[in-house]
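Input: a single structure, listed below in structure tokens.
Protein chains: 2
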Amino acid sequence: MRWSQTLIPTMKETPEGAEIPSHVLMLRAGMIHQLMAGAYTYLPLGYRALRKAEQIIRQEMDKAGAVEVHMPALTPIQLWEQTGRVEAFGDVLIKFDVRRQGKKVPMALGPTHEEIVTDLVKKFVSSYRQLPLTLYQIQTKFRNEERPRFGVLRTSEFLMKDAYSFDSTVEGLNANYDRMYAAYCTIFRRCGVDYLAVEAESGPIGGDASHEFMAIADNGEDSVLYDPKSGYAANQERAETGKRTVAKSTVEPKPLTKLHTPGVGSIEAVSKFLKCKPHQMLKTLIYTADDKPLAVLIRGDHEANENKIRRAVGAKKLALADAALVEAITGAPVGFAGPVGLKQPVPIWADDDVAGMANMIIGANEADQHYVGANLERDFQVEKFADLRNATAGDPSPRSDGKLELRHAIEIGHVFKLGTKYSEAMGAKFLDDKEQQHTIIMGCYGIGVNRILASLIETKSDANGVVWPMSIAPYEVIVSSVNAADAEVSAAADKLYGELQAAGVDTLYDDRDQRPGVKFKDADLIGIPLRVVVGGRGLKEGNLELKWRTKEAPEMIPLAGAAEAIAKLVAGERDRYR
Amino acid sequence: MRWSQTLIPTMKETPEGAEIPSHVLMLRAGMIHQLMAGAYTYLPLGYRALRKAEQIIRQEMDKAGAVEVHMPALTPIQLWEQTGRVEAFGDVLIKFDVRRQGKKVPMALGPTHEEIVTDLVKKFVSSYRQLPLTLYQIQTKFRNEERPRFGVLRTSEFLMKDAYSFDSTVEGLNANYDRMYAAYCTIFRRCGVDYLAVEAESGPIGGDASHEFMAIADNGEDSVLYDPKSGYAANQERAETGKRTVAKSTVEPKPLTKLHTPGVGSIEAVSKFLKCKPHQMLKTLIYTADDKPLAVLIRGDHEANENKIRRAVGAKKLALADAALVEAITGAPVGFAGPVGLKQPVPIWADDDVAGMANMIIGANEADQHYVGANLERDFQVEKFADLRNATAGDPSPRSDGKLELRHAIEIGHVFKLGTKYSEAMGAKFLDDKEQQHTIIMGCYGIGVNRILASLIETKSDANGVVWPMSIAPYEVIVSSVNAADAEVSAAADKLYGELQAAGVDTLYDDRDQRPGVKFKDADLIGIPLRVVVGGRGLKEGNLELKWRTKEAPEMIPLAGAAEAIAKLVAGERDRYR
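Line order of the protein sequences matches chains B and H. Under this note's numbering, the first sequence has 543 at position 402, and the numbering climbs by one with no breaks. Under this note's numbering, the second sequence has 277 at position 136, and the numbering climbs by one with no breaks.
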């Protein structure tokens with residue numbers, strides 16, 4: 142493609158409102174343009190990169206035995222009501238009525254397609270003979286973002302690869318899950334992304350087991366705990382900690398003293414008011430576990446982890462108690478709960494770290510009152526200690542004697558063992574070889590295609606611009622003519638461009654009549670892996686200048702046979718991403 | 142792909158509610174599934190065919206110098222308000238508010254992208270040096286259908302290729318238009334569609350000149366007038382007629398007589414009430430042409446053509462008069478207008494055919510009254526005769542001494558010279574080489590990708606099912622094993638399948654343990670061009686059976702070297718669609 146015939150609106154300045162490198166550089170490199178908050182047009186360079194990622198995903202899905210389909214974006218609201226997800230998604234689900242023959246027809250734009258695909262399979266699959274089956278699509282999804290931001294990382298419309306597996310046995314699901322997991326590893330490797338597969342909670346989509354594929358990036362919104370020693374990695378919501386051996390405090394116990402703390406309920410407010418640190422304070426959280434009340438104690442600087450609590454107490458359902466229940470149990474409004482002097486006796490569980498605390502600051506179960514100098518055993522009893530909080534940096538690894546590190550990351554993929562959550566709700570069943578009916582067992586597998594581009598830029602760009610891997614680069618080679626107005630130069634460049642195209646090299650030809658400095662800066666900014674300069678003294682001497690985007694120094698090669706030599710270099714680099 | 146690993150839910154029976162062959166066969170061949178009225182899931186076979194059409198379109202667009210982009214489906218309502226198309230589209234435009242941070246944000250789903258692309262180009266193009274530029278996308282479009290029907294022919298969500306050209310001169314637009322026209326001819330030829338490029342009115346999108354690409358099909362909703370002698374073809378709305386030499390009637394004039402026709406206003410009602418034929422009646426239509434009133438006379442069995450009327454009288458704007466104006470001019474409610482005794486004198490124009498009428502039945506400009514026996518000159522005068530009606534079958538051709546034939550057709554593509562309609566409304570301008578500002582000149586070019594499939598099936602299927610051209614067929618070859626449970630058969634079939642895949646032949650392997658009759662019927666139904674049967678006596682004799690979908694008789698070829706022979710046959714057939 143000739144630069145003069147396409148649309149690559151590069152910019153010198155950092156665009157207003159863009160904060161992170163991927164957003165800044167995608168705008169500056171002329172890859173995207175914001176149509177409105179949360180919706181971007183992909184310009185020619187951006188769309189080429191996106192389609193290359195899409196094509197790698199498609200190839201690996203096909204190899205993994207998944208079959209491509211395409212479901213509508215317009216979906217009937219009834220299917221979402223059937224699984225309770227109209228409420229679960231809330232304002233994220235874009236829903237509306239269309240008018241047909243004087244009637245209103247309620248619809249929603251698909252934010253994901255579990256309901257739709259389960260309904261489809263329910264209609265066409267009835268026997269174990271038709272299973273296993275894995276369907277996928279690469280399709281635009283719609284999720285209203287309360288605050289769209291970070292360029293293409295958080296938008297209301299995005300390209301997603303979503304796959305769904307259907308099995309008659311748990312072993313089948315496990316095999317499908319492993320196959321998808323392996324395909325994901327191949328996809329991200331081929332896209333040149335440095336990824337980490339981390340254990341994850343399954344979140345609102347539900348199910349039994351899941352992994353997230355994360356690109357480790359400083360500007361990522363997700364937090365991952367990683368043990369370099371064992372390779373253990375997990376989403377912060379999910380991460381275990383190794384057994385914390387917490388020594389009992391040897392500090393001299395102080396007397397338990399009640400203090401007036403008017404209108405001061407949160408950890409932050411109390412620590413400000415009493416001039417103490419959050420880790421000296423104790424949070425007392427009242428939950429209902431399978432509808433029975435429970436108090437959970439967590440050190441003030443830690444975050445309770447509801448999944449860990451639910452699993453520790455062996456409950457199916459765990460929820461924070463409402464204000465009325467908190468008041469009934471503590472005798473005080475929310476914000477002043479503490480383990481000393483509860484109105485109603487409830488089981489008290491504590492996170493392991495609480496065992497090492499002394500002279501704690503706790504709520505006094507009275508409005509506007511706190512205790513200082515609270516101590517375990519002397520002032521209150523704990524029924525059981527366990528790992529009940531989010532892991533954090535410095536925690537012992539659950540898999541080695543090392544420590545966990547906290548990393549920021551961008552979620553680019555997610556694999557779930559759904560089990561029968563959707564097939565049960567929607568009645569998708571099959572008959573086994575004895576004519577017995579069972580519920581189909583499902584998995585689901587997503588990739589955010591746009592995020593592959595953004596995470597590559599977040600992690601691989603440099604001060605001069607984007608640095609694409611050969612597999613995703615919108616063009617593999619850029620031919621820049623120096624002094625394009627010179628007939629000899631443009632003839633040589635035209636010829637090379639033609640030869641490279643004929644050799645199957647994806648070539649961008651910067652044929653603009655611009656100063657070399659402008660052309661070289663633009664070539665660096667848009668990140669094409671290999672730059673070929675035609676012109677100047679080199680050309681007079683029968684040479685071309687080659688420069689890899691990742692290297693400082695250029696090299697000269699003879700003009701004769703240049704296209705063949707360049708094609709060979711490109712092929713070698715392509716091989717790294719096969 | 143093995144049949145057992147994909148999802149091809151063929152059906153024996155004609156599904157309920159499906160009326161036309163493309164709808165029936167796409168359902169029966171397991172290509173599509175209706176999620177709700179107007180929204181279809183593309184199942185594996187359907188999606189493969191759709192993607193093949195998409196890929197041909199992409200290749201030809203790239204060759205024609207168009208550059209691919211991707212605009213969002215979510216669009217800000219403001220852009221549609223700027224051009225008045227919120228009203229023009231009415232209920233067809235799917236619009237809604239999303240909630241963000243407590244505020245409502247109004248949006249519309251793009252039914253087409255003139256506004257969006259013009260806004261984009263306005264932001265990035267400012268100089269003649271950046272022109273010409275042609276952008277295209279292949280993207281899901283949303284248009285609410287009042288009554289979705291005919292399978293994928295009329296849906297609320299569909300795949301469209303839309304391209305937009307931007308030029309600094311009219312010559313540039315003409316060159317771009319011609320290039321796109323030629324690309325469309327190549328695309329439809331490569332897709333195997335028998336198409337006709339017909340002259341068309343530009344309709345609500347507006348502009349100066351346009352052609353529609355039509356697949357001639359009995360079930361098409363469009364009407365085309367075609368002169369086989371000259372090759373002239375035009376949409377019915379647009380079609381000219383040759384000069385109609387209308388002889389004055391020689392019938393004896395009857396006296397003008399007023400009749401009481403209570404509550405009877407329409408042509409149909411009057412002809413029923415008076416037991417006469419529509420061609421004996423005269424329609425009198427009151428228009429405003431550039432806000433001045435005008436009466437137009439059309440024979441009762443003909444349809445007025447507003448574009449012809451507008452052009453004939455030399456007006457910029459033409460609209461039917463409202464009820465108040467009709468009453469002011471005729472003195473009667475709508476339905477009883479006639480050229481005799483109008484209350485206010487207005488210019489009276491008549492279609493050429495009116496010159497040959499005698500003893501006409503006309504409205505009497507009085508409620509519930511008609512005249513019979515009305516005659517030209519004696520009873521009323523016509524200011525001018527002209528071609529003011531839709532052409533119809535039997536009309537003289539405007540390009541030869543032949544007659545026009547009426548054909549039904551499916552619109553599959555459309556090219557428009559838009560001119561400055563959108564660039565003017567949205568302020569998309571450029572500076573010429575003398576720093577003078579001008580408005581960018583646009584063209585737009587659409588293809589309904591789903592309709593390519595539907596029109597192929599409408600025109601090429603037979604009693605046994607779909608008949609795909611090699612270029613669009615979801616698979617090029619189907620290998621059917623006869624007695625798949627036989628180890629020798631399945632080993633031979635497995636081997637052939639592997640070899641065909643290695644040879645780059647798109648192969649579907651029907652590995653099901655089903656009776657040959659079922660397999661052959663399914664192979665015919667889904668329309669794969671070449672069927673290869675492995676098994677039976679043939680295999681024992683070292684042979685395979687080949688059968689083209691379009692031929693009656695199979696032929697035998699030796700098993701040894703079969704893959705190579707089949708690949709050669711497929712390559713030959715592919716060449717027909719290059």
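Note that beta-carbon positions come from the ideal geometry of N, C-alpha and C, so glycine has one too. Please read these numbers as outputs of a predicted model, since none were measured by experiment.
*Per DSSP, which residues does B:Tyr512 bridge with? Please list them.*
Locating residue 512 of chain B in the first sequence gives position 371, where the first residue counts as 1. B:Lys399, B:Ile503, per the DSSP bridge assignment.
*From the DSSP output, in three-state form, read off H:Arg719 for me.*
In the second sequence, residue 719 of chain H corresponds to position 578, counting from 1. If DSSP states are grouped into helix, strand and coil, H:Arg719 belongs with coil.
*How many angstroms separate the CA atom of B:Trp490 from the CA atom of B:Ser541?*
As a first step, residue 490 of chain B is located in the first sequence; it is residue number 349 there, counting from the start. As a first step, residue 541 of chain B is located in the first sequence; it is residue number 400 there, counting from the start. Their Cα atoms are separated by approximately 27 angstroms.
_Using CA atoms only, rank isn't needed, just tell me which of B:Val165, B:Phe477, B:Ile235, B:Lys416 is closest to B:Asn720._
Residue 720 of chain B lies beyond the residue range present for chain B, which begins at 142 and ends at 719; the question has no answer from this structure.
*Check the Cβ of H:Thr281 against every Cβ in chain B and list those closer than 8 angstroms, keeping chain order.*
Position 140 of the second sequence, counted from the first residue, corresponds to residue 281 of chain H. Result: Ala214, Thr281.
*Per DSSP, what kind of secondary structure is H:Lys662 in: helix, strand or coil?*
Your numbering for residue 662 of chain H matches position 521 in the second sequence. Judged by DSSP in its simplified three-state form, H:Lys662 adopts helix.
*Roughly how many whole angstroms lie between the Cα atoms of B:Met212 and H:Glu287?*
As a first step, residue 212 of chain B must be located in the first sequence, where it is residue number 71. As a first step, residue 287 of chain H must be located in the second sequence, where it is residue number 146. Using only the alpha carbons, I get a separation of about 21 angstroms.
*Kindly provide the ranges of any alpha helix (DSSP H) runs that are 4 or more residues long and lie completely inside the region 350-428 of chain H, ordered along the chain.*
DSSP runs (the alpha helix (DSSP H)) wholly in the region 350-428 of chain H: 408-414.
*Name the two residues that bound the continuous alpha helix (DSSP H) containing B:Pro434.*
What you label residue 434 of chain B is simply residue 293 of the first sequence in a count that begins at 1. Not the alpha helix (DSSP H): B:Pro434 falls in the beta strand (DSSP E), residues 433-440.
_Three-state secondary structure assigned by DSSP to H:Asn684_ = Along the second sequence, read from residue 1 onward, the residue named residue 684 of chain H stands at position 543. Here H:Asn684 sits in strand by DSSP.
*Note down the Cα distance separating B:Gly383 from B:Gly504, rounded to an integer number of angstroms.*
For the purposes of this step, residue 383 of chain B is taken as the residue at position 242 of the first sequence. For the purposes of this step, residue 504 of chain B is taken as the residue at position 363 of the first sequence. If you take the alpha carbons of B:Gly383 and B:Gly504, they lie about 30 angstroms apart.
*Shorter than 7 angstroms from the beta carbon of H:Gly347 to some beta carbon of chain B?*
Numbered from 1 along the second sequence, position 206 holds the residue referred to as residue 347 of chain H. For H:Gly347, the pLDDT reaches just 47, beneath the cut-off of 50, and the residue's location in the model is therefore unreliable, although a value from the coordinates is still provided. It does not: the Cβ of H:Gly347 has no partner Cβ on chain B nearer than 7 angstroms.
_Span of the beta strand (DSSP E) around H:Cys585_ = Taking the second sequence and counting its residues from 1, the one referred to as residue 585 of chain H is at position 444. First-last of the beta strand (DSSP E) with H:Cys585: 582-589.
*Can you name, in chain order, every residue of its own chain whose Cβ lies under 6 angstroms from the Cβ of H:Gly347, other than the five neighbours on each side?*
Here the question's residue 347 of chain H lines up with position 206 in the second sequence. Confidence is the limiting factor: at H:Gly347 the pLDDT is only 47, short of 50, which leaves the residue's position unreliable, though a coordinate-based value still follows. Answer for H:Gly347: Lys562, listed in chain order.
*Within chain H, partners of B:Gly441 - CB distance below 9 angstroms*: As a first step, residue 441 of chain B is located in the first sequence; it is residue number 300 there, counting from the start. Residues of chain H passing the Cβ test: none, with the nearest at roughly 30 angstroms.
_If we define contact as Cβ-Cβ less than 7 angstroms, is B:Phe230 a contact residue for chain H?_
Reading the first sequence from its first residue, position 89 is the one you call residue 230 of chain B. No, its Cβ sits nowhere closer than 7 angstroms to a Cβ of chain H.
*Residues of its chain near H:Arg548, where Cβ-Cβ distance is below 7 angstroms and the 5 sequence neighbours each way are ignored*: For the purposes of this step, residue 548 of chain H is taken as residue 407 along the second sequence, with counting starting at 1. These residues qualify, in order along the chain: Ile357, Val365, Tyr367.
*In chain H, which residues lie less than 7 angstroms from B:Met177 when you measure between Cβ atoms?*
Stepping through the first sequence from its first residue, residue 177 of chain B is reached at position 36. Residues of chain H passing the Cβ test: Pro217.
*Is B:Asn531 closer than 7 angstroms to B:Asn446 when the C-beta atoms are compared?*
Position 305 of the first sequence, counting from 1, holds the residue named residue 446 of chain B. Position 390 of the first sequence, counting from 1, holds the residue named residue 531 of chain B. In contact: B:Asn446 and B:Asn531 (Cβ atoms closer than 7 angstroms).
*Anything in chain B within Cβ reach of H:Gly377, meaning under 7 angstroms, just list it in chain order.*
In the second sequence, counting from the first residue as 1, residue 377 of chain H sits at position 236. A quick correction: the sequence has Gln, not Gly, at residue 377 of chain H. Ordered by position in chain B, no residue passes the 7 angstroms Cβ test against H:Gln377, which lies about 26 angstroms from the chain.
*CB contact below 7 angstroms: B:His254 versus chain H*: Numbered from 1 along the first sequence, position 113 holds the residue referred to as residue 254 of chain B. Closer than 7 angstroms: no.
*Tell me, which residues are paired with H:Glu552 by DSSP?*
Taking the second sequence and counting its residues from 1, the one referred to as residue 552 of chain H is at position 411. BP columns for H:Glu552 point to H:Met355.
*Using a Cβ-Cβ distance under 7 angstroms, would B:Leu184 count as near chain H?*
If you number the first sequence from 1, residue 184 of chain B lands on position 43. Yes, contact with chain H.
_Nearest-angstrom Cα separation, counted from B:Tyr512 out to B:Leu559_ = If you number the first sequence from 1, residue 559 of chain B lands on position 418. If you number the first sequence from 1, residue 512 of chain B lands on position 371. Going by the C-alpha atoms only, they are around 46 angstroms apart.
*Could you spell out where the alpha helix (DSSP H) holding H:Ile628 opens and where it closes?*
Position 487 of the second sequence, counted from the start, is the residue given in the question as residue 628 of chain H. The sequence shown places Ala at residue 628 of chain H, not Ile. Residues 628-643.
_For a contact defined as C-beta to C-beta under 7 angstroms, what are the partners of H:Thr147 on chain B?_
As a first step, residue 147 of chain H must be located in the second sequence, where it is residue number 6. The answer, in chain order, is Val208.
*Pick helix, strand or coil for H:Asp654, following the three-state DSSP scheme.*
Along the second sequence, one-based indexing puts residue 654 of chain H at 513. Looking at H:Asp654 - three-state DSSP - the assignment turns out to be coil, as it is neither helix nor strand.
*Residue-level contact to chain H via CB, B:His211, 7 angstroms cutoff*: The residue labelled residue 211 of chain B in the question sits at position 70 within the first sequence. Interface residue, yes.
*If we call anything under 7 angstroms between Cβ atoms a contact, is H:Gly615 one with H:Arg189?*
In the second sequence, counting from the first residue as 1, residue 615 of chain H sits at position 474. In the second sequence, counting from the first residue as 1, residue 189 of chain H sits at position 48. First, the amino acid is wrong: residue 615 of chain H is Pro here, not Gly. Cβ distance < 7 angstroms, so H:Pro615 and H:Arg189 count as in contact.
*Thinking C-beta only, is H:Gly479 closer than 7 angstroms to H:Thr425?*
What you label residue 425 of chain H is simply residue 284 of the second sequence in a count that begins at 1. What you label residue 479 of chain H is simply residue 338 of the second sequence in a count that begins at 1. Cβ atoms of H:Thr425 and H:Gly479: closer than 7 angstroms.
*Helix, strand or coil at H:Thr182 [DSSP, three-state]*: As a first step, residue 182 of chain H is located in the second sequence; it is residue number 41 there, counting from the start. Three-state result, H:Thr182: strand.
_Let me see if you follow: with CB-CB separation under 7 angstroms, is H:Ile235 close to chain B or not?_
If you number the second sequence from 1, residue 235 of chain H lands on position 94. H:Ile235 counts as touching chain B.
*Going along chain H, which residues have a C-beta under 9 angstroms from B:Gln725?*
In the structure displayed, chain B extends from 142 to 719; residue 725 of chain B sits before or after that span and is not available.
_Environment of B:Gln196 [buried if 16+ CB atoms lie within 10 Å]_ = As a first step, residue 196 of chain B must be located in the first sequence, where it is residue number 55. With fewer than 16 Cβ atoms within 10 Å of its Cβ, B:Gln196 is classed as exposed.
*Could you spell out where the beta strand (DSSP E) holding B:Phe727 opens and where it closes?*
Missing from the structure shown is residue 727 of chain B; chain B here goes from 142 to 719 and no further.
_Within 7 angstroms, strictly: CB atoms of H:Val675 and H:Ala634_ = The sequence position of residue 675 of chain H within the second sequence is 534, counting from 1. The sequence position of residue 634 of chain H within the second sequence is 493, counting from 1. Closer than 7 angstroms, so yes.
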